[in-house]
Amino acid sequence: MADGWTGTPDALLLLADGQRGAEVAAHVRAWRAAVAVPVVVRTASAAAAEAAIDAGAVAAHDPSGLADPAYLDTVVASGASLVVGCPVPPPVDAPARASHLVALAERAVAAGVAPGAVVVDVTRGATMPPEGVALLAELPAVAGAGWPAMVVVGA
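For the sequence shown, the numbering used here assigns the number 528 to the initial residue and increments by one for each residue that follows.
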């Protein structure tokens with residue numbers, strides 16, 4: 528697989544950035560056959576997200592801040608869950624980033640994604656301290672607005 532994967536006993540995140548729909552679908556089918564956990568695909572492409580969902584992914588993780596105009600329609604039509612994240616580079620300061628993320632989640636619900644199916648990735652675009660720690664300080668702003676938050680930890 529070109530971009531890799533990461534996982535926990537509860538879910539598998541397929542990192543499909545830059546992959547085409549057919550490649551993503553093949554990876555989702557392979558992982559679904561190999562492990563009995565939900566598969567989430569991270570891609571900024573609505574076409575790749577659609578292929579992954581059609582192949583059995585339960586959610587699409589958009590790291591681009593919903594830059595693909597077809598992304599929300601794809602998720603709504605499929606009934607899948609959606610993880611929203613900021614594009615890289617993200618808004619400069621943590622409060623602006625938190626506001627931006629909340630606005631993305633609200634936009635998804637306004638488009639028809641079920642409110643309980645939206646998760647906010649507060650760490651997209653942050654790598655290591657100090658920026659990652661500053662962004663984690665904004666978790667209460669995202670959670671306080673009623674959105675479940677996801678934290679990705681890595682190098």
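Quick reminder that beta carbons are idealized off the backbone N, C-alpha and C, glycines included.
Since the model is a prediction, treat every value here as computed from it, not as a measurement.
One alpha carbon belongs to valine 602, the other to alanine 553, and they sit about 19 Å apart. When rounded, the separation of the alpha-carbon atoms in valine 562 and alanine 579 is 16 Å. Pairing proline 642 with valine 649 gives a Cβ-Cβ distance that is not under 7 Å. Nearest to valine 646 by alpha-carbon distance, out of Pro667, Met677, Ala625, is Met677. Cysteine 613 has its alpha-carbon roughly 7 Å from the corresponding atom of leucine 628. By the neighbour-count criterion, in which 16 or more other beta carbons inside 10 Å mark a residue as buried, aspartate 589 falls on the buried side. DSSP, reduced to helix, strand and coil, places arginine 569 within a strand of the structure shown.
Per DSSP, the continuous beta strand (DSSP E) segment holding valine 646 begins and ends at 645-648.
Taking each of Ala574, Arg556, Glu665 in turn and checking the Cα distance to alanine 594, the smallest one comes out for Ala574.
The C-alpha of alanine 638 lies about 32 Å from the C-alpha of alanine 560.
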